[in-house]
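Written out below as structure tokens is the structure these notes cover.
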Amino acid sequence: MIRREHTSNPNTVLIAFEYPAATRARQVHLVGDFNEWDELATPMGKDKRTGIWTVQLELARGREYQFRYLVDQSIWHNDWHADRFVPNIHGSDNSVVSA
342 MIRREHTSNP NTVLIAFEYP AATRARQVHL VGDFNEWDEL ATPMGKDKRT
392 GIWTVQLELA RGREYQFRYL VDQSIWHNDW HADRFVPNIH GSDNSVVSA
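Going by the working numbering, the sequence shown opens with residue 342, and the numbers climb by one from there.
Here it is, written out as structure tokens:
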């Protein structure tokens with residue numbers, strides 16, 4: 342799930358990324374253009390009550406960002422609520438969010 346919120350800066354948007362409760366996931370990272378596809382740069386926090394993994398990023402307004410979720414440093418997932426999808430060089434698709 343992706344949620345957008347306005348910020349006090351008219352040039353940015355606060356975007357909340359949510360990865361659904363995943364069975365037996367020890368960690369989930371958000372990986373994409375915004376962190377140069379660094380697999381460890383953006384860890385997501387797990388809500389102990391709901392099991393949902395979340396992280397918020399303040400991103401430049403008017404841009405699109407490709408991203409994926411990396412579960413336990415080995416399993417890649419898309420966000421099925423993304424604005425669209427684009428093929429990547431690995432033969433699968435990346436999720437895209439518009440800020």
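Don't be surprised by glycine CBs; every beta carbon is placed ideally from N, CA and C. Here the structure is a predicted model, which is why all the values come from computation and not from measurement.
The C-alpha of Ser436 lies about 17 Å from the C-alpha of Trp394. Looking only at Arg390, Trp417, Glu405, the smallest Cα-Cα distance to His431 is reached by Trp417.
As the crow flies, the alpha-carbon of Ala382 is around 22 Å from that of His422.
Take the alpha-carbon of Thr353 and the one of Val372: they are about 19 Å apart.
For Glu399, the enclosing beta strand (DSSP E) covers residues 394 to 401.
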